[in-house]
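Each residue of the sequence shown is one higher than the last, beginning at 50 in the numbering used here. The beta carbon of each residue, even a glycine, is placed where N, CA and C say it ideally should be. Model, not experiment: these values are computed from the prediction. Note sheet for the following structure.
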Amino acid sequence: MKNIFIVNTASRTGKTKETWEKLKEHLEKLEIEYEVHFTKGPGDATAFAKEATGKGEKVALFVMGGDGTLNEALNGIEDFENTYYTPLPAGSANDFANGIGLKGEIIEILDRALTSSDYKLFDIGKITYIEDGVSKDRLFGVSAGIGVDAYVCLQALDSRLKKFLNIFGAGSATYGLLTVGDIFTMPFSDAKVKIDYKGKIEIRNIKSTIFAAAMNCKAEGGGIPMAPEATADSGYLTAFIAHDISRFRCLTLLPSLVAGKHMGKEGFDLLDFDRIEINMADKMCVHADGEHVGFLNNLLFECMPQILKIRGI
């Protein structure tokens, strides 16, 4: 089985370059054969993963970078049956690695993957949407959403604050700080939501939607436990919809959200689902694993259960 590495040396404000050099020395010491591809811009990880996994051969795919790089590589996988995926988390948040219970330093994760053929199956999510009259899909490992949380992710992509905090290893704090400001500036939207879970259909009309997040893991945005009981191998996703409360009330609930004690609070709905359709009255910002998807108003989120084979757990 071929070992292929996709590495984003720019992640965590360039600190990943040093980590890769250490990993490279370790691979050479173990006399491991491999090939490596370095990303230089958006879409590179997707293209590299597509090329690596599109030949009908078994591939050990190692991806080093933040959640955005991991998401790009995930979206490039052509053959899930023959792809054995190992995230090597090197970002400021690492929500995917934490969400699947990936423990230890990068070299420890690598060694576990190289010395065992064992793997664990995980769910992933998929967004389907229409853009310029064309139906498109986007996969996600951690979460995807529409509204304030997506706009925070968009701002964080080029945030000077995040780059500054990364110097001190505190880049994940960016998301919380940006959220406080966006709650008071972002427009809200009414929505119609159709929930499909275990064959039962429920339709809700929701007023003043602040955000709607589809969670595969329990936390996003640097560890904020949006869906505290979610697990990435449950076979379903969890929607967290914040709606119909004042901006000030939303702000006062943020400490409860950060502490994971927001379940049951008025205006905060948590719903398990297999598929969920969200039709917003107005276009709002959409993200997948923190990566910007667009400004949209009609989305389908669905679970793809037990499809991703991960080694190194």
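*In or out: ALA219 buried (at least 16 other Cβ within 10 Å) or exposed?*
For ALA219, the pLDDT reaches just 43, beneath the cut-off of 50, and the residue's location in the model is therefore unreliable, leaving the point undetermined.
*asked:* Looking at the secondary structure, which residues open and close the alpha helix (DSSP H) in which LEU76 lies?
replied: In the DSSP assignment, LEU76 falls within the unbroken alpha helix (DSSP H) covering 65-78.
_At the level of alpha carbons, what is the spacing between ALA162 and ALA146?_
Computed Cα separation, rounded: 14 angstroms.
*asked:* Give me the residue from HIS311, PHE97, ILE273, ASP331 with the minimum Cα distance to ASN143.
replied: It is ILE273 whose Cα lies nearest to the Cα of ASN143.
*Cα-Cα separation between ASN57 and ASN254, rounded to whole angstroms*: Distance from the CA of ASN57 to the CA of ASN254, rounded to the nearest whole angstrom, comes to 42 angstroms.
*Neighbour-count burial assignment, LYS50, 16 or more Cβ in a 10 Å radius*: In the sequence as presented, Lys is not what sits at residue 50; that position holds Met. The residue in question, MET50, is exposed, as its Cβ has fewer than 16 Cβ neighbours within 10 Å.
*Contacting residues, own chain, Cβ-Cβ under 6 angstroms from ASP128 (five flanking each side not counted)*: THR102
*When DSSP labels each residue in this structure, what does LEU214 get in the three-state scheme?*
Residue confidence for LEU214 is low, a pLDDT of 40 falling below 50, so the modelled location carries little weight; the figure read from the coordinates is stated next. Here LEU214 sits in helix by DSSP.
*Helix or strand or just coil, what does DSSP make of ILE156?*
helix
*For ALA330, is the classification buried or exposed, using 16 other Cβ atoms within 10 angstroms of its Cβ as the cut-off for buried?*
exposed
*Whole alpha helix (DSSP H) runs in the region 107-168 with 4 or more residues, listed along the chain?*
116-123, 144-148, 155-164
*Taking all protein chains shown into account, do 16 or more other C-beta atoms lie within 10 angstroms of the C-beta of ILE294, making it buried, or fewer, making it exposed?*
buried
*With DSSP run on the structure shown, which of helix, strand or coil describes SER305?*
DSSP, reduced to helix, strand and coil, places SER305 within a helical segment of the structure shown.
*Buried or exposed for PHE97, please, with buried defined as at least 16 other CB atoms from any protein chain shown within 10 angstroms of its CB.*
Residue burial annotation: PHE97 is buried, with at least 16 other C-beta atoms found within 10 angstroms of its C-beta.
*Decide if the region 62-71 is in contact with the region 175-185; the criterion is three or more beta carbon pairs, one per stretch, under 8 angstroms apart.*
no
*Proximity winner among GLU251, ILE158, MET235, relative to SER257 (alpha-carbon distances)*: MET235
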